[in-house]
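Structure first, then comments.
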Ligand code: NAD
Ligand code: DAU
């Protein structure tokens, strides 16, 4: 199997690259990534010398660049996206380019070159918020943020290409993912690294929004399963089955680091903040896949990984100034 992994220098994409090379001796992976602020070649250092791995710097909106990198591949797995909801609220345009037009470009390349499989990595956020019960794959999508609306636009392109051209694409809709190497703008790495530096953790609203947490290794395995076993044109929910309020997540982080609740800073809510996400994952379970990582152990191990690898996140938080600028811009107005 020769794979083109788009967005493989980000959080989940790099987990997938590292994990698939370790699991499959006969797989070759070409990682194709624009290296936006969220892309980081340090995430791929563990495989950098592996002869089965190569890296191409490029944008998924650039058809010629994708075509050149995709030569001879059996499948494309697309992680490439703008991914942070708060940044999509502050500045939506890049989300429309990458998450919709970039997906469209990949579909065109798959169609033109007869590539036998593509997996579009999507998100539970396309369904919107649900007060009770869980979303199944056939539920109507109702995205709330510019991020989730852009991801939904990508999903609709994928499904339309399958219906119109028979393009062999499957979609995974994953839930909130946690683990090592996550850019420290997202809840868990932001709170852990803030706390480690003696700063407050900024909890939005009443802290009672619920997310379903999935370990990055489980997310990578769910995508692998869909790549190998998914039926073209189908959507697969990939959830962790670990619904927790943000307040509960914060308490575990503070407990693991030996800190008190006075570390919390209550700040103004995110506009349009979805209250609860919940996925019905019986379709994946019936096909033969369920997540494996125990949540409390996985989260505590993840917290310890950030504690033990400060050189990884300090370079991001204090390196180029990009992170500091974002933090100032977003959090000052919420205080
Ligand atoms: P991330 O922000 O950590 O990484 C995104 C990667 O895509 C980066 O390496 C970036 O450089 C690259 N990229 C961005 N624009 C690009 C472009 N135009 N061309 C090529 N590369 C580009 O993201 P993540 O959290 O690892 O998420 C990966 C995928 O999984 C995304 O599609 C996201 O929507 C989806 N997802 C994420 C989560 C989560 O909780 N993190 C949950 C469900 C689904
Ligand atoms: O559900 C899947 C999605 O999960 C992915 O598609 C997205 O790419 C990923 O970023 C994530 O989106 P969320 O908005 O759920 O993740 P985030 O880490 O930004 O926020 C998680 C929760 O924590 C959410 O309810 C908002 C809250 N939060 C977040 C931040 C950054 C805070 O209370 N304070 C914060 O500073």
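Residue numbers (our numbering): 207 to 541.
All residues carry an ideal CB built from backbone N, CA and C; glycine is no exception.
Quick caveat: nothing in here was measured; it's all calculated off a predicted structure.
Next on the checklist: Taking 7 angstroms as the cut-off, is the beta-carbon of residue 425 closer than that to any non-hydrogen atom of the ligand DAU?
Outcome noted: no
Checklist entry - How would you label residue 229, buried or exposed, when you count the other beta carbons within 10 angstroms and need 16 or more for buried? => result exposed
Next on the checklist: Could you compute how far the alpha carbon of residue 272 sits from the alpha carbon of residue 236?
Outcome noted: 11 angstroms
Checklist entry - So what does DSSP say about residue 324, is it helix, strand or coil? => result strand
Checklist entry - Closer than 7 angstroms: is that where the CB of residue 201 sits relative to any heavy atom of the ligand NAD? => result Outside the displayed range of the chain (207 to 541) lies residue 201, so it cannot be described from this structure.
Item to check | Exposure of residue 459, with buried meaning 16 or more beta-carbon neighbours within 10 Å | outcome: buried
Checklist entry - Is the beta carbon of residue 287 sitting closer than 8 angstroms to the one on residue 304? => result yes
Checklist entry - Do the stretch 336 to 346 and the stretch 286 to 300 touch if we need at least three Cβ pairs shorter than 8 angstroms? => result no
Checklist entry - For the 8 angstroms Cβ check, are there 3 or more pairs between the stretch 421 to 430 and the stretch 213 to 229? => result yes
Item to check | Residue ranges of each beta strand (DSSP E) within the stretch 241 to 270, 3 or longer | outcome: 259 to 263
Checklist entry - Is the CB-CB distance between residue 322 and residue 374 below 8 angstroms? => result yes
Checklist entry - Does the beta carbon of residue 417 fall short of 7 angstroms from some heavy atom of the ligand DAU? => result yes
Checklist entry - Relative to the ligand NAD, is the shortest distance from any of its heavy atoms to the C-beta of residue 327 smaller than 7 angstroms? => result yes
Checklist entry - Taking three-plus beta-carbon pairs below 8 angstroms as touching, is the stretch 237 to 245 in contact with the stretch 401 to 421? => result no
Checklist entry - What is the residue span of the beta strand (DSSP E) that residue 410 lies within? => result 407 to 410
Checklist entry - To which residues of the same chain is residue 535 closer than 8 angstroms at the C-beta, ignoring the five residues directly before and after it? => result 296
Item to check | Inter-residue CB distance, residue 360 and residue 309 (contact presumed, cutoff 8 angstroms) | outcome: 4 angstroms
Item to check | Top-ranked residue by Cα proximity to residue 255, from 313, 445 and 227 | outcome: 227
Item to check | Segments assigned beta strand (DSSP E), at least 3 residues, entirely inside the stretch 448 to 512 | outcome: 449 to 451 and 470 to 473
Checklist entry - Any contact of the stretch 362 to 372 with the stretch 467 to 478, i.e. 3+ C-beta pairs under 8 angstroms? => result no
Checklist entry - Run through DSSP, which three-state label would residue 422 get? => result helix
Checklist entry - Can you find a heavy atom of the ligand DAU that lies under 7 angstroms from the Cβ of residue 356? => result no
Next on the checklist: Suppose contacts are defined by Cβ-Cβ distances below 8 angstroms. Is residue 505 in contact with residue 456 by that definition?
Outcome noted: no
Checklist entry - Do residue 522 and residue 389 have their C-beta atoms within less than 8 angstroms of each other? => result yes
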